[in-house]
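Here's the structure we're looking at; comments come further down.
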Amino acid sequence: MAELSRLRKDSGLTRADVAERIGSTDTTVWRYETGLSRPRPSDVSALTDVYGVTGEARDSLIQMAVEARRRGWWHPHREALKPGFDSYIGLEAEASLVRSYEPLVVPGLMQTEPYARAVTEATSVITPSKVEETVSVRISRQQLLHGPGDPIHLVAVLDEAVIRRRIGGGDIMSEQLEHLVHLGELPNVEIRVVPFSAGAHPAMDGQFCLLSFPEPEAPDLLYLEQAASGSVPDDPEQVRRYASMFEGLCAMALGQEASAAFIAQMARRFSSP
2 MAELSRLRKD
12 SGLTRADVAE
22 RIGSTDTTVW
32 RYETGLSRPR
42 PSDVSALTDV
52 YGVTGEARDS
62 LIQMAVEARR
72 RGWWHPHREA
82 LKPGFDSYIG
92 LEAEASLVRS
102 YEPLVVPGLM
112 QTEPYARAVT
122 EATSVITPSK
132 VEETVSVRIS
142 RQQLLHGPGD
152 PIHLVAVLDE
162 AVIRRRIGGG
172 DIMSEQLEHL
182 VHLGELPNVE
192 IRVVPFSAGA
202 HPAMDGQFCL
212 LSFPEPEAPD
222 LLYLEQAASG
232 SVPDDPEQVR
242 RYASMFEGLC
252 AMALGQEASA
262 AFIAQMARRF
272 SSP
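Quick note on numbering: the sequence shown equals residues 2 to 274 in the working numbering.
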(Lines of atoms letter the chains of each structure in order from A; the text may use other names.)
(Lines give C-alpha, C1' and ligand atoms only; values in the text may rest on other atoms or scores of the structure.)
Protein backbone atom coordinates (compact mmCIF):
# COMPACT_ATOMS: atom_id res chain seq x y z
CA MET A 2 0.00 0.00 0.00
CA ALA A 3 1.77 3.11 -1.25
CA GLU A 4 -0.15 5.28 1.22
CA LEU A 5 1.61 3.53 4.11
CA SER A 6 4.96 4.48 2.62
CA ARG A 7 3.91 8.13 2.29
CA LEU A 8 2.64 8.26 5.86
CA ARG A 9 5.87 6.80 7.20
CA LYS A 10 8.00 9.29 5.29
CA ASP A 11 5.79 12.18 6.43
CA SER A 12 6.28 11.03 10.03
CA GLY A 13 10.08 11.13 9.66
CA LEU A 14 10.43 7.49 10.72
CA THR A 15 12.56 4.80 9.14
CA ARG A 16 11.22 1.34 8.43
CA ALA A 17 13.33 0.05 11.31
CA ASP A 18 11.75 2.62 13.65
CA VAL A 19 8.25 1.53 12.63
CA ALA A 20 9.09 -2.17 12.86
CA GLU A 21 10.35 -1.73 16.41
CA ARG A 22 7.17 0.07 17.46
CA ILE A 23 4.80 -2.54 16.05
CA GLY A 24 6.91 -5.55 17.03
CA SER A 25 7.79 -6.58 13.47
CA THR A 26 10.74 -6.36 11.06
CA ASP A 27 11.79 -3.64 8.61
CA THR A 28 11.51 -6.22 5.82
CA THR A 29 7.86 -6.80 6.69
CA VAL A 30 7.17 -3.06 6.71
CA TRP A 31 8.86 -2.80 3.31
CA ARG A 32 6.73 -5.64 1.93
CA TYR A 33 3.58 -3.89 3.15
CA GLU A 34 4.61 -0.61 1.51
CA THR A 35 5.54 -2.21 -1.80
CA GLY A 36 2.48 -4.43 -2.00
CA LEU A 37 4.43 -7.68 -1.88
CA SER A 38 2.50 -8.65 1.27
CA ARG A 39 -1.08 -7.77 2.20
CA PRO A 40 -1.19 -6.42 5.77
CA ARG A 41 -3.95 -7.60 8.07
CA PRO A 42 -6.46 -4.99 9.23
CA SER A 43 -4.88 -5.25 12.69
CA ASP A 44 -1.45 -4.47 11.17
CA VAL A 45 -2.84 -1.37 9.46
CA SER A 46 -4.49 -0.34 12.71
CA ALA A 47 -1.13 -0.54 14.51
CA LEU A 48 0.60 1.43 11.75
CA THR A 49 -1.99 4.20 11.80
CA ASP A 50 -1.46 4.50 15.56
CA VAL A 51 2.26 4.97 14.95
CA TYR A 52 1.62 7.57 12.24
CA GLY A 53 -1.06 9.39 14.21
CA VAL A 54 -3.75 8.79 11.61
CA THR A 55 -7.28 9.01 13.01
CA GLY A 56 -10.92 9.37 11.97
CA GLU A 57 -12.10 8.68 8.43
CA ALA A 58 -8.58 8.41 7.03
CA ARG A 59 -7.75 5.61 9.48
CA ASP A 60 -11.04 3.81 8.82
CA SER A 61 -10.46 4.04 5.06
CA LEU A 62 -7.01 2.47 5.30
CA ILE A 63 -8.28 -0.40 7.46
CA GLN A 64 -11.15 -1.02 5.02
CA MET A 65 -8.66 -1.11 2.15
CA ALA A 66 -6.77 -3.83 4.02
CA VAL A 67 -9.98 -5.81 4.52
CA GLU A 68 -10.81 -5.63 0.81
CA ALA A 69 -7.25 -6.49 -0.25
CA ARG A 70 -7.20 -9.64 1.85
CA ARG A 71 -10.46 -10.79 0.30
CA ARG A 72 -8.60 -11.28 -3.00
CA GLY A 73 -6.75 -14.59 -2.97
CA TRP A 74 -6.19 -17.76 -4.99
CA TRP A 75 -9.96 -18.02 -5.53
CA HIS A 76 -10.29 -14.59 -7.18
CA PRO A 77 -9.88 -15.83 -10.79
CA HIS A 78 -12.79 -18.25 -10.15
CA ARG A 79 -15.25 -15.66 -8.82
CA GLU A 80 -17.50 -15.89 -11.92
CA ALA A 81 -18.21 -19.52 -11.00
CA LEU A 82 -19.26 -18.48 -7.47
CA LYS A 83 -22.44 -16.84 -6.30
CA PRO A 84 -22.16 -13.08 -5.62
CA GLY A 85 -20.68 -12.40 -2.21
CA PHE A 86 -19.15 -15.84 -1.72
CA ASP A 87 -15.70 -14.85 -2.93
CA SER A 88 -15.56 -12.29 -0.12
CA TYR A 89 -16.58 -14.97 2.36
CA ILE A 90 -13.77 -17.28 1.20
CA GLY A 91 -11.27 -14.52 1.92
CA LEU A 92 -12.63 -14.00 5.41
CA GLU A 93 -12.80 -17.74 6.05
CA ALA A 94 -9.12 -18.05 5.12
CA GLU A 95 -8.23 -15.55 7.88
CA ALA A 96 -10.47 -17.09 10.55
CA SER A 97 -9.32 -19.21 13.47
CA LEU A 98 -12.80 -20.55 14.29
CA VAL A 99 -15.75 -21.31 12.01
CA ARG A 100 -19.12 -22.14 13.54
CA SER A 101 -21.50 -23.45 10.90
CA TYR A 102 -25.14 -24.51 10.97
CA GLU A 103 -26.53 -26.41 7.99
CA PRO A 104 -30.15 -27.61 7.73
CA LEU A 105 -29.99 -29.33 4.31
CA VAL A 106 -26.51 -30.20 3.00
CA VAL A 107 -23.06 -31.02 4.34
CA PRO A 108 -20.99 -27.80 4.71
CA GLY A 109 -18.59 -27.17 1.85
CA LEU A 110 -15.52 -27.54 4.07
CA MET A 111 -16.50 -31.17 4.71
CA GLN A 112 -17.88 -32.31 1.34
CA THR A 113 -16.32 -35.11 -0.69
CA GLU A 114 -15.74 -34.32 -4.35
CA PRO A 115 -18.58 -36.55 -5.69
CA TYR A 116 -21.01 -35.11 -3.12
CA ALA A 117 -19.91 -31.55 -3.94
CA ARG A 118 -20.46 -32.21 -7.64
CA ALA A 119 -23.93 -33.65 -7.02
CA VAL A 120 -24.93 -30.66 -4.86
CA THR A 121 -23.60 -28.17 -7.42
CA GLU A 122 -25.38 -29.86 -10.31
CA ALA A 123 -28.65 -29.89 -8.37
CA THR A 124 -28.53 -26.28 -7.18
CA SER A 125 -26.82 -24.33 -9.97
CA VAL A 126 -27.79 -23.43 -13.53
CA ILE A 127 -24.25 -23.35 -14.93
CA THR A 128 -22.24 -25.12 -17.62
CA PRO A 129 -20.43 -28.40 -16.88
CA SER A 130 -17.07 -26.58 -16.93
CA LYS A 131 -18.32 -24.11 -14.31
CA VAL A 132 -19.57 -27.03 -12.20
CA GLU A 133 -16.07 -28.48 -12.17
CA GLU A 134 -14.57 -25.07 -11.39
CA THR A 135 -16.96 -24.60 -8.46
CA VAL A 136 -16.18 -28.07 -7.13
CA SER A 137 -12.45 -27.42 -7.46
CA VAL A 138 -12.71 -24.23 -5.41
CA ARG A 139 -14.76 -26.02 -2.76
CA ILE A 140 -12.25 -28.85 -2.40
CA SER A 141 -9.31 -26.42 -2.34
CA ARG A 142 -10.87 -24.57 0.61
CA GLN A 143 -10.64 -27.75 2.68
CA GLN A 144 -6.88 -27.27 3.12
CA LEU A 145 -7.90 -24.91 5.94
CA LEU A 146 -8.80 -27.96 8.02
CA HIS A 147 -5.53 -29.78 7.42
CA GLY A 148 -2.82 -27.11 7.22
CA PRO A 149 -0.14 -26.10 6.44
CA GLY A 150 0.23 -23.96 9.52
CA ASP A 151 -2.45 -23.84 12.17
CA PRO A 152 -5.68 -25.39 10.83
CA ILE A 153 -8.92 -23.62 11.60
CA HIS A 154 -11.21 -24.95 14.31
CA LEU A 155 -14.54 -25.99 12.80
CA VAL A 156 -17.70 -26.56 14.81
CA ALA A 157 -20.45 -27.86 12.51
CA VAL A 158 -24.02 -28.35 13.67
CA LEU A 159 -26.06 -30.35 11.17
CA ASP A 160 -29.77 -30.95 11.08
CA GLU A 161 -30.70 -34.64 10.90
CA ALA A 162 -32.02 -33.95 7.39
CA VAL A 163 -28.42 -33.41 6.22
CA ILE A 164 -27.57 -36.98 7.22
CA ARG A 165 -30.72 -38.58 5.83
CA ARG A 166 -31.16 -36.71 2.52
CA ARG A 167 -29.89 -38.86 -0.37
CA ILE A 168 -27.72 -36.73 -2.63
CA GLY A 169 -26.01 -38.33 -5.62
CA GLY A 170 -27.02 -41.90 -4.83
CA GLY A 171 -26.32 -44.39 -2.04
CA ASP A 172 -22.61 -44.90 -2.74
CA ILE A 173 -21.91 -41.16 -2.76
CA MET A 174 -23.89 -40.66 0.44
CA SER A 175 -22.17 -43.54 2.19
CA GLU A 176 -18.74 -42.20 1.23
CA GLN A 177 -19.72 -38.70 2.36
CA LEU A 178 -20.98 -39.84 5.75
CA GLU A 179 -17.90 -41.99 6.35
CA HIS A 180 -15.83 -38.92 5.51
CA LEU A 181 -17.72 -36.95 8.17
CA VAL A 182 -16.96 -39.63 10.76
CA HIS A 183 -13.23 -39.43 9.95
CA LEU A 184 -13.24 -35.63 10.01
CA GLY A 185 -14.92 -35.70 13.41
CA GLU A 186 -11.88 -37.55 14.75
CA LEU A 187 -9.62 -34.57 14.03
CA PRO A 188 -8.81 -32.48 17.11
CA ASN A 189 -9.87 -29.27 15.35
CA VAL A 190 -13.25 -30.52 14.05
CA GLU A 191 -16.44 -30.94 16.05
CA ILE A 192 -19.58 -32.31 14.40
CA ARG A 193 -22.96 -32.31 16.15
CA VAL A 194 -26.35 -33.47 14.82
CA VAL A 195 -29.66 -31.88 15.82
CA PRO A 196 -32.16 -34.78 15.78
CA PHE A 197 -35.69 -34.44 14.46
CA SER A 198 -36.88 -35.24 17.97
CA ALA A 199 -35.50 -31.88 19.16
CA GLY A 200 -38.47 -30.22 17.48
CA ALA A 201 -38.71 -26.59 16.44
CA HIS A 202 -35.81 -24.17 16.96
CA PRO A 203 -34.92 -20.55 16.05
CA ALA A 204 -32.52 -21.51 13.22
CA MET A 205 -35.12 -23.14 10.98
CA ASP A 206 -34.94 -20.11 8.64
CA GLY A 207 -31.70 -21.42 7.14
CA GLN A 208 -27.97 -21.93 7.27
CA PHE A 209 -25.43 -19.47 8.65
CA CYS A 210 -21.74 -19.26 9.55
CA LEU A 211 -19.99 -17.34 12.30
CA LEU A 212 -16.30 -16.48 11.86
CA SER A 213 -13.88 -15.65 14.68
CA PHE A 214 -10.36 -14.34 14.11
CA PRO A 215 -7.06 -14.67 15.98
CA GLU A 216 -6.65 -10.90 16.50
CA PRO A 217 -8.26 -9.95 19.85
CA GLU A 218 -9.63 -6.69 18.43
CA ALA A 219 -11.24 -8.34 15.40
CA PRO A 220 -15.03 -8.71 15.78
CA ASP A 221 -16.86 -11.92 14.94
CA LEU A 222 -18.52 -11.89 11.52
CA LEU A 223 -21.73 -13.48 10.28
CA TYR A 224 -22.25 -14.96 6.82
CA LEU A 225 -25.73 -15.59 5.46
CA GLU A 226 -26.36 -17.39 2.19
CA GLN A 227 -29.36 -17.60 -0.11
CA ALA A 228 -29.89 -19.35 -3.43
CA ALA A 229 -28.54 -16.48 -5.53
CA SER A 230 -26.16 -14.61 -3.23
CA GLY A 231 -24.38 -14.37 0.12
CA SER A 232 -23.81 -11.47 2.48
CA VAL A 233 -21.83 -10.42 5.55
CA PRO A 234 -24.13 -8.13 7.62
CA ASP A 235 -22.45 -5.29 9.49
CA ASP A 236 -24.90 -5.14 12.42
CA PRO A 237 -23.13 -6.32 15.63
CA GLU A 238 -26.48 -7.03 17.27
CA GLN A 239 -27.36 -9.44 14.47
CA VAL A 240 -24.04 -11.22 14.98
CA ARG A 241 -24.78 -11.56 18.70
CA ARG A 242 -28.25 -12.92 17.97
CA TYR A 243 -26.90 -15.63 15.68
CA ALA A 244 -24.12 -16.48 18.17
CA SER A 245 -26.80 -17.02 20.82
CA MET A 246 -28.78 -19.08 18.33
CA PHE A 247 -25.75 -21.28 17.70
CA GLU A 248 -25.29 -21.90 21.42
CA GLY A 249 -28.93 -22.98 21.59
CA LEU A 250 -28.44 -25.39 18.69
CA CYS A 251 -25.43 -26.95 20.41
CA ALA A 252 -27.54 -27.47 23.53
CA MET A 253 -30.23 -29.25 21.47
CA ALA A 254 -27.79 -31.36 19.45
CA LEU A 255 -26.48 -34.82 20.19
CA GLY A 256 -23.01 -35.02 21.72
CA GLN A 257 -20.01 -35.64 19.49
CA GLU A 258 -19.84 -39.38 20.16
CA ALA A 259 -23.59 -39.90 19.72
CA SER A 260 -23.51 -37.82 16.54
CA ALA A 261 -20.62 -39.86 15.13
CA ALA A 262 -22.43 -43.10 15.94
CA PHE A 263 -25.61 -41.89 14.19
CA ILE A 264 -23.67 -40.73 11.12
CA ALA A 265 -21.83 -44.06 10.92
CA GLN A 266 -25.13 -45.96 11.21
CA MET A 267 -26.62 -43.97 8.33
CA ALA A 268 -23.46 -44.54 6.25
CA ARG A 269 -23.94 -48.30 6.61
CA ARG A 270 -27.61 -47.96 5.70
CA PHE A 271 -26.81 -46.07 2.49
CA SER A 272 -24.18 -48.64 1.53
CA SER A 273 -26.58 -51.56 1.94
CA PRO A 274 -27.87 -53.04 -1.34
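Using N, Cα and C, we set each Cβ at its ideal position, and we do this for glycine too.
Name the DSSP bridge partner or partners of residue i?
i: residue 202; result: Answer is none; residue 202 lacks a bridge partner.
i: residue 183; result: Residue 183 is not bridged to any residue.
i: residue 60; result: For residue 60, which the question treats as bridged, DSSP gives no partner whatsoever.
i: residue 192; result: 157
i: residue 251; result: DSSP, once it has assigned bridges, lists no residue as partnering residue 251.
i: residue 224; result: 210
Going by C-alpha to C-alpha distance, which of the options sits closest to residue i?
i: residue 22; options: 43, 51, 4, 33; result: 51
i: residue 243; options: 222, 172, 95; result: 222
i: residue 254; options: 39, 134, 199, 181; result: 199
i: residue 212; options: 62, 201, 14, 224; result: 224
i: residue 106; options: 167, 64, 48, 143; result: 167
i: residue 40; options: 109, 95, 182, 271; result: 95
i: residue 267; options: 118, 236, 124, 172; result: 172
i: residue 237; options: 219, 62, 165, 101; result: 219
i: residue 234; options: 209, 246, 258, 256; result: 209
i: residue 89; options: 250, 252, 226; result: 226
i: residue 148; options: 135, 45, 97, 129; result: 97
Give the secondary structure of residue i by DSSP, where H, G and I count as helix, E and B as strand, and everything else as coil.
i: residue 235; result: coil
i: residue 101; result: strand
i: residue 134; result: helix
i: residue 165; result: helix
i: residue 91; result: helix
i: residue 240; result: helix
With 8 Å as the threshold, decide whether the Cβ of residue i is near any Cβ in chain D.
i: residue 110; result: Although the question refers to chain D, the structure presented lacks it and comprises just one protein chain.
Checklist entry - Do the segment 140-155 and the segment 188-200 make contact, defined as three or more Cβ pairs closer than 8 Å? => result Flag = yes, the segment 140-155 and the segment 188-200 touch.
Item to check | Segment contact flag, the segment 169-182 with the segment 130-140, C-beta cutoff 8 Å, min 3 pairs | outcome: The segment 169-182 vs the segment 130-140: no contact.
Item to check | Inter-stretch contact at 8 Å, needing at least 3 Cβ pairs: the segment 54-62 / the segment 26-35 | outcome: No, the segment 54-62 is not in contact with the segment 26-35.
Checklist entry - Could you give the uninterrupted runs of the beta strand (DSSP E) lying entirely in the segment 4-37, keeping only those of 3 residues or more? => result As far as the segment 4-37 is concerned, it has no whole beta strand (DSSP E) run of at least 3 residues.
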